[in-house]
Each structure stands twice: as C-alpha cells, then as structure tokens.
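Below: one structure, written as structure tokens.
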Amino acid sequence: MAEKYLSHRVQASPPFTVSANVDPKEVTQSELGAPEKRQRQHSRKALQSAIQNTTAELSRQAKALRNAADNVYTAIQERSTVVDESTLLVPTRKYKEILNDLEGLYAQDKWGDALDEAENNPTI
Numbered sequence: 001m002a003e004k005y006l007s008h009r010v011q012a013s014p015p016f017t018v019s020a021n022v023d024p025k026e027v028t029q030s031e032l033g034a035p036e037k038r039q040r041q042h043s044r045k046a047l048q049s050a051i052q053n054t055t056a057e058l059s060r061q062a063k064a065l066r067n068a069a070d071n072v073y074t075a076i077q078e079r080s081t082v083v084d085e086s087t088l089l090v091p092t093r094k095y096k097e098i099l100n101d102l103e104g105l106y107a108q109d110k111w112g113d114a115l116d117e118a119e120n121n122p123t124i
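By UniProt numbering, the letter at position 44 of the sequence shown is numbered 44, and the numbering carries on one by one without gaps.
Put into structure tokens, the structure is as follows:
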C-alpha cells in the first residue's frame with residue numbers, strides 16, 4: 001500500500017519534493033529549490049593576504065611568460081621551422097586566469113585599502 005503513494009513523489013523535506021525516479025544522493029540543493037550558499041567574504045586581513053599571494057603568483061607567471069616569449073623569439077631567430085604554439089598559449093592562459101582572480105579579489109575590497117596600496121606600490 002505504501003508503494004502506491006511513494007511511486008509518484010518522495011517527500012524530501014517540507015515543502016520540497018523529489019521525483020521517486022531520481023536518486024536522492026544526486027539531488028542538489030538548487031534542484032530542491034533551496035537557496036544557494038552565500039558567497040564567503042574575506043576579512044580585511046585575509047583579503048590583503050590573498051591579494052599579496054595572488055600578486056606574487058602573477059609575478060611568477062609573468063616571468064614564465066617572458067621566458068616562453070624569449071624562447072619563441074630565439075627559435076624564430078635561429079630559423080627553426082617548428083615553433084610549438086602552446087609554448088605561448090599555456091603561460092598566457094595561466095596569466096589571464098591569475099589576473100582575473102586578482103581582479104576578483106580587488107572587487108571584493110570593500111575598504112579600498114588594497115587598491116590604494118597597489119596604486120602606490122606597483123610590483124609588476
């Protein structure tokens with residue numbers, strides 16, 4: 001008798017219901033209609049530390065990109081017929097990703113301290 005009622009819908013938790021054909025382990029919060037988790041905000045000190053770490057990582061990646069560009073330039077000067085395109089694409093892609101992360105961190109700076117410090121002390 002209970003199977004008759006469970007075959008159509010399974011009660012997840014009031015007022016959310018899940019189809020009985022769906023594995024409950026695979027159902028996400030958003031599919032249940034629950035609100036998404038709010039984005040965590042860094043504290044002032046944590047944000048400053050994250051910006052410093054990301055800036056240092058960006059500097060390392062910029063150096064790797066310059067080295068890759070120098071290697072391609074040397075290969076061209078030596079009239080090498082084979083220059084691997086990924087030699088520049090991979091470091092460029094990584095540089096852009098880190099730069100986007102850094103821009104996101106600056107956007108989270110609700111105090112304005114990090115941006116002021118970056119403008120006064122450019123490291124790149």
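From the three backbone atoms N, C-alpha and C, an ideal C-beta is built for every residue, glycine too.
When the alpha-carbon of L105 is set against those of E36, R38, Q48 and V82, the nearest one is in Q48.
Proximity to V90 across N53, A107, K37 and A69 peaks at A69, based on C-alpha coordinates. For T92, the CB contacts under 7 Å within the same chain, skipping 5 residues up- and downstream, are L65 in chain order. Here G112 carries a coil assignment [DSSP, helix/strand/coil]. In this structure, the CA atom of N67 is about 32 Å from the CA atom of D109. For E57, the enclosing alpha helix (DSSP H) covers residues R44 to Q77. By the neighbour-count criterion, in which a residue is buried when 16 or more other Cβ atoms sit within 10 angstroms of its Cβ, L58 is buried.
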